[in-house]
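Residues in the sequence shown are numbered consecutively from 4, following this note's numbering.
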Amino acid sequence: MITSLQISFPVEALKNKDMLYRCAAKTMGVPLKEISYVELRRLSLDARGRLPHYAATVEVYTRPDVFEPEDFDFSMPAIVSGSPRVVIAGMGPAGIFAALTLASAGVKPVLLERGKPVRERKRDVARIGREGVLDPDSNYSFGEGGAGCFSDGKLYTRSNKRGDVGRVLRTFVRYGAKEEILYQAHPHLGSDRMPAMIERMRESLLDAGAEIHFGVCITGIQADRQGRFCAVQDTQGREYGGDALVLATGNSASDLYRSMNRNGFLIEEKPFAMGVRVEHPQEVIDFMQYKGAEKRMSLPPAEYAFAFQCRTGGVFSFCMCPGGVVVPASTSVQGLVVNGMSDSERNSPRANAGWVTGVSRDILRQAGYRLPDTPLALLDFQQALEKRFLTPDKGFMAPAQRLTDFMNGNPSVNLPKSSYPPGIFPAAMDDYLPGFITQALREGFRQTIAKKPAFLTREAILLGLESRTSTPVRIPRDPQTWEHVRMPGLYPCGEGAGYAGGITSSAIDGINCAEKILAKWNKKSTFGLPQAGKNPLKA
Ligand SMILES: Cc1cc2nc3c(=O)[nH]c(=O)nc-3n(C[C@H](O)[C@H](O)[C@H](O)COP(=O)(O)OP(=O)(O)OC[C@H]3O[C@@H](n4cnc5c(N)ncnc54)[C@H](O)[C@@H]3O)c2cc1C
4 MITSLQISFP
14 VEALKNKDML
24 YRCAAKTMGV
34 PLKEISYVEL
44 RRLSLDARGR
54 LPHYAATVEV
64 YTRPDVFEPE
74 DFDFSMPAIV
84 SGSPRVVIAG
94 MGPAGIFAAL
104 TLASAGVKPV
114 LLERGKPVRE
124 RKRDVARIGR
134 EGVLDPDSNY
144 SFGEGGAGCF
154 SDGKLYTRSN
164 KRGDVGRVLR
174 TFVRYGAKEE
184 ILYQAHPHLG
194 SDRMPAMIER
204 MRESLLDAGA
214 EIHFGVCITG
224 IQADRQGRFC
234 AVQDTQGREY
244 GGDALVLATG
254 NSASDLYRSM
264 NRNGFLIEEK
274 PFAMGVRVEH
284 PQEVIDFMQY
294 KGAEKRMSLP
304 PAEYAFAFQC
314 RTGGVFSFCM
324 CPGGVVVPAS
334 TSVQGLVVNG
344 MSDSERNSPR
354 ANAGWVTGVS
364 RDILRQAGYR
374 LPDTPLALLD
384 FQQALEKRFL
394 TPDKGFMAPA
404 QRLTDFMNGN
414 PSVNLPKSSY
424 PPGIFPAAMD
434 DYLPGFITQA
444 LREGFRQTIA
454 KKPAFLTREA
464 ILLGLESRTS
474 TPVRIPRDPQ
484 TWEHVRMPGL
494 YPCGEGAGYA
504 GGITSSAIDG
514 INCAEKILAK
524 WNKKSTFGLP
534 QAGKNPLKA
């Protein structure tokens with residue numbers, strides 16, 4: 004028999020199987036010897052009470068039944084010649100998962116990526132911090148693996164509303180992620196593991212017969228006489244034809260979205276969020292969350308998540324990187340963008356998180372802006388602010404302010420240390436950000452400090468600009484077919500098209516777009532799904 008249970012247990016029991024089994028037996032009220040296996044299905048650290056402990060959902064197997072691991076289908080048969088070809092623009096999570104799904108069903112993916120293979124990209128990313136040199140096609144957002152490849156890869160989406168999260172997580176495990184991501188409430192892949200995982204995915208695709216072209220930046224999308232997608236062009240005039248296009252170019256591909264708009268493609272504006280990154284010493288966040296228990300117990304670096312209502316809408320923290328660093332995430336020398344990442348060990352002495360508020364046409368109108376009537380108005384606003392944060396002669400150094408100074412309305416004259424590799428200089432955020440953003444941030448911080456006084460410290464800083472939370476445009480698609488409303492055969496996909504936000508949801512969107520395409524040819528992919536009839540106990 005399998006029984007699903009909620010249990011809680013001390014932090015040490017996670018590494019001690021006997022303690023976990025005893026805890027399950029006690030909760031069920033059965034002798035320990037009757038328990039044949041305890042499978043963790045979901046695990047979260049609960050630090051709200053006096054002593055942090057784990058809360059878990061487990062499946063308990065009692066004798067005579069024994070656990071048999073479920074089998075999943077990861078077969079990738081060779082693609083036969085003459086199979087349909089699907090062009091995929093962008094090798095982020097959306098593009099890669101679309102490609103795996105298509106290839107596993109015998110359809111040939113032709114992947115076009117403006118950046119470089121992930122190993123070469125790693126060197127370019129390091130140069131931005133070390134030498135201040137930015138390659139506009141190979142950076143924290145562009146290149147094989149997409150944005151967030153060097154991010155620590157937090158996979159917080161657990162909702163199956165958009166699709167099968169388990170399928171995505173299992174696929175990551177298949178390509179080298181730790182199994183624990185399958186049950187942790189806050190799993191992360193680890194930046195140090197991601198490049199090798201991406202390379203294994205690439206090898207699988209190439210073995211199956213996919214085509215992959217790096218250094219191909221697409222700029223034009225062409226339709227045939229019937230108005231159906233037929234080919235893309237890149238910046239060097241090369242053309243790549245196919246039976247369908249998955250457009251998965253991410254939220255930083257503003258050059259492409261501008262070119263599409265110029266060429267009469269229907270694009271819509273989309274509200275997004277902007278603000279700053281806040282960096283604290285990790286020990287401050289540990290104390291704030293664990294209340295001193297971190298000194299007595301072995302606990303992971305603490306994190307936080309806050310969301311509040313304020314006069315202009317909402318203000319919230321996101322993309323928290325405990326034990327992490329703030330990184331220069333610009334994609335051009337025209338603007339300064341920051342983001343956060345951490346290694347899998349999360350062993351930096353600092354913690355950072357984005358703190359942002361919503362930006363929409365209505366909010367800007369209320370704040371006194373007169374926006375032109377174009378779908379790119381919010382993109383223009385985003386880029387103008389990114390430009391303001393870039394200071395002449397300072398390269399990618401970021402303006403920064405102590406949290407205490409920000410709350411008191413004083414510019415900072417000196418600053419504590421920061422993890423941000425290009426460096427920071429003292430400034431006043433009020434000189435850089437519009438009033439409606441600083442006002443929302445102050446309200447959010449005030450409410451946070453009321454709940455967690457330790458949050459306010461002279462050692463915390465704000466730096467900016469945090470602007471690439473999601474895309475300010477949407478490429479509309481038909482709700483049934485998922486094709487672009489004016490160009491059949493074009494499938495807007497992932498975060499850049501406005502349908503996802505984060506690694507997991509982008510991967511799910513990639514799978515779902517691929518399934519829509521396959522359905523047209525009466526095909527289906529079972530990649531990452533349970534093999535039928537292989538687990539009678541759970542059937
Ligand atoms: C530093 C950083 C940290 C992050 N941390 C996390 C995190 O921990 N967890 C999380 O869930 N999310 C995180 N994100 C966000 C996450 O990375 C994105 O939500 C996700 O990658 C979006 O997936 P995507 O496939 O839609 O687009 P992207 O990952 O942006 O991929 C788009 C791809 O298209 C390519 N491309 C762009 N334009 C063109 C063109 N014209 N022609 C050809 N190719 C093109 C790009 O080079 C890129 O490889 C982070 C992002 C950054 C930058």
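All C-beta atoms in this analysis are idealised placements derived from N, C-alpha and C, irrespective of residue type, glycine included.
message: Below 8 Å on the Cβ atoms is my contact criterion, and I expect LEU379 with ARG261 to pass it. Report the Cβ-Cβ distance as a whole number of Å.
response: Locating residue 379 in the sequence shown gives position 376, where the first residue counts as 1. Locating residue 261 in the sequence shown gives position 258, where the first residue counts as 1. Between ARG261 and LEU379 the Cβ distance is about 7 Å, and since that is below 8 Å, they are a contact.
task: State the start and end residues of the unbroken alpha helix (DSSP H) segment that holds TYR260.
output: Your numbering for residue 260 matches position 257 in the sequence shown. Start and end: 257-265.
query: By how many angstroms is the C-alpha of SER335 removed from the C-alpha of ILE427?
result: In the sequence shown, counting from the first residue as 1, residue 427 sits at position 424. In the sequence shown, counting from the first residue as 1, residue 335 sits at position 332. Straight-line Cα distance between these residues: approximately 19 Å.
- request: Note the first and the last residue of the continuous alpha helix (DSSP H) segment covering LEU269.
  value: As a first step, residue 269 is located in the sequence shown; it is residue number 266 there, counting from the start. Here LEU269 belongs to no alpha helix (DSSP H), and DSSP marks it neither H nor E.
Spatial distance of GLY505 from LYS157 (CA atoms): For the purposes of this step, residue 505 is taken as residue 502 along the sequence shown, with counting starting at 1. For the purposes of this step, residue 157 is taken as residue 154 along the sequence shown, with counting starting at 1. Near 9 Å, if we compare the C-alpha coordinates of LYS157 and GLY505.
field: Closer than 6 Å: TYR372 CB and nearest ligand 1 heavy atom
entry: For the purposes of this step, residue 372 is identified with residue 369 of the sequence shown, where counting begins at 1. Incorrect: TYR372 has no Cβ contact closer than 6 Å to ligand 1.
task: My understanding is that ALA401 touches GLY467, with C-beta atoms under 8 Å, so please give their C-beta distance in whole angstroms.
output: Here residue 401 corresponds to residue number 398 of the sequence shown, with the count starting at 1. Here residue 467 corresponds to residue number 464 of the sequence shown, with the count starting at 1. Indeed they touch by this definition, with Cβ atoms about 7 Å apart.
- prompt: Expressed to the nearest angstrom, what Euclidean distance is found between the alpha-carbon atoms of ALA92 and ALA81?
  reply: Taking the sequence shown and counting its residues from 1, the one referred to as residue 92 is at position 89. Taking the sequence shown and counting its residues from 1, the one referred to as residue 81 is at position 78. Spanning the two alpha carbons is a distance of roughly 22 Å.
N-terminal and C-terminal residue of the alpha helix (DSSP H) that LYS519 is part of: By 1-based counting over the sequence shown, the position of residue 519 is 516. First-last of the alpha helix (DSSP H) with LYS519: 506-523.
- request: Measure the CB-CB distance between SER107 and PHE458 and report whether it falls below 7 Å.
  value: Residue 107 sits at position 104 when you count from the first residue of the sequence shown. Residue 458 sits at position 455 when you count from the first residue of the sequence shown. No, these two residues do not count as a Cβ contact at 7 Å.
Within 7 Å, strictly: CB atoms of PRO331 and ILE184: Numbered from its first residue, the sequence shown carries residue 331 at position 328. Numbered from its first residue, the sequence shown carries residue 184 at position 181. Contact: no.
message: What does DSSP give as the partner residue(s) for ASN342 in the beta ladder?
response: Looking up residue 342 in the sequence shown gives position 339. ASN342 is bridged to VAL330.
task: Please confirm whether PRO55 and ALA296 have their CB atoms less than 7 Å apart.
output: On the sequence shown, residue 55 is found 52 positions in, with the first residue counted as 1. On the sequence shown, residue 296 is found 293 positions in, with the first residue counted as 1. Contact: yes.
- prompt: Ordered along the chain, which non-local residues of its own chain (more than five positions away) have a Cβ less than 6 Å from that of SER415?
  reply: Translated into the one-based positions of the sequence shown, residue 415 becomes position 412. Contacts found: GLN404, ARG405, ASP408 and PRO429.
query: What's the C-alpha gap between PHE75 and LEU103?
result: Within the sequence shown, the letter at position 72 stands for residue 75. Within the sequence shown, the letter at position 100 stands for residue 103. Each residue's Cα considered, the two are about 15 Å apart.
task: Have a look at ARG231, ASP237 and ALA199 and flag the residue whose alpha-carbon is nearest the alpha-carbon of PHE217.
output: In the sequence shown, the residue the question calls residue 217 occupies position 214. When only C-alpha atoms are compared, the closest one is ASP237.
message: Suppose the cutoff is 6 Å on Cβ atoms and the five residues either side in sequence are ignored; what does the same chain contact list for LYS519 look like?
response: Mapped onto the sequence shown, residue 519 falls at position 516. Counting only Cβ-Cβ distances below 6 Å, and skipping sequence neighbours, we find TRP485.
message: When you compare the CB positions of LYS273 and GLY338, do they come within less than 7 Å of one another, or not?
response: In the sequence shown, counting from the first residue as 1, residue 273 sits at position 270. In the sequence shown, counting from the first residue as 1, residue 338 sits at position 335. The answer is no: Cβ separation not under 7 Å.
- request: Please report how far the alpha carbon of THR174 lies from the alpha carbon of ARG373, in whole angstroms.
  value: In the sequence shown, counting from the first residue as 1, residue 174 sits at position 171. In the sequence shown, counting from the first residue as 1, residue 373 sits at position 370. If you take the alpha carbons of THR174 and ARG373, they lie about 47 Å apart.
query: If you run the structure through DSSP and keep just helix, strand and coil, what is THR315?
result: The residue you call residue 315 lines up with position 312 of the sequence shown. Coil, per DSSP.
Option in ALA256, LYS181, SER141 and ASN342 with minimal Cα separation from ARG280: Residue mapping note: residue 280 aligns to position 277 of the sequence shown, counting from 1. The candidate whose alpha carbon is nearest that of ARG280 is ASN342.
message: Is ASP481 close to ligand 1? I mean its beta-carbon at under 6 Å from any heavy atom of the ligand.
response: The residue you call residue 481 lines up with position 478 of the sequence shown. ASP481: no, Cβ never under 6 Å from ligand 1.
task: Count the CB pairs spanning the stretch 201-214 and the stretch 38-56 that are closer than 8 Å, and state whether there are at least three.
output: no
field: Length of the line joining the Cα atoms of GLN239 and ASP140
entry: As a working note, residue 239 is residue 236 in the sequence shown. As a working note, residue 140 is residue 137 in the sequence shown. Their backbone Cα atoms lie some 14 Å apart in a straight line.
message: To the nearest angstrom, how far is the alpha carbon of PRO424 from that of GLY245?
response: Locating residue 424 in the sequence shown gives position 421, counting from the first residue. Locating residue 245 in the sequence shown gives position 242, counting from the first residue. PRO424 and GLY245: Cα-Cα distance of roughly 42 Å.
task: Check whether the Cβ atoms of THR6 and VAL41 sit closer than 7 Å, and answer yes or no.
output: Numbered from 1 along the sequence shown, position 3 holds the residue referred to as residue 6. Numbered from 1 along the sequence shown, position 38 holds the residue referred to as residue 41. No, Cβ-Cβ distance for THR6 and VAL41 is not below 7 Å.
task: Determine the DSSP secondary structure at ILE478, reduced to helix, strand or coil.
output: Start at 1 with the first residue of the sequence shown, and residue 478 comes out as number 475. Three-state DSSP puts ILE478 in coil, outside helix and strand.
message: Under 6 Å: does the beta carbon of THR3 sit that close to some heavy atom of ligand 1?
response: Limits of the chain in this structure are 4 at one end and 542 at the other, which puts residue 3 out of reach.
- request: With distances taken Cα to Cα, identify the nearest neighbour of ASN254 among PHE275, ARG241 and PRO491.
  value: Indexing the sequence shown from 1 puts residue 254 at position 251. Per the Cα distances, PHE275.
TYR186 and ARG44 closer than 7 Å at C-beta: Working through the sequence shown from its first residue, we reach residue 186 at position 183. Working through the sequence shown from its first residue, we reach residue 44 at position 41. Yes. Within cutoff.
- prompt: Looking at the unbroken beta strand (DSSP E) that takes in CYS545, where does it start and where does it end?
  reply: Missing from the structure shown is residue 545; the chain here goes from 4 to 542 and no further.
- prompt: Relative to ligand 1, is the shortest distance from any of its heavy atoms to the C-beta of ARG170 smaller than 6 Å?
  reply: Locating residue 170 in the sequence shown gives position 167, where the first residue counts as 1. Not under cutoff, so the answer is no.
query: Which first and last residues belong to the alpha helix (DSSP H) in which LEU388 is found?
result: If you number the sequence shown from 1, residue 388 lands on position 385. Start and end: 380-392.
message: Let's test the definition: count the other Cβ atoms within 10 Å of the Cβ of ALA101 and tell me whether it reaches 16, buried, or not, exposed.
response: As a first step, residue 101 must be located in the sequence shown, where it is residue number 98. ALA101 should be labelled buried.
message: Is it buried or exposed, ARG124, if we count other Cβ atoms within 10 angstroms and call 16 or more buried?
response: The residue you call residue 124 lines up with position 121 of the sequence shown. Classification for ARG124: buried.
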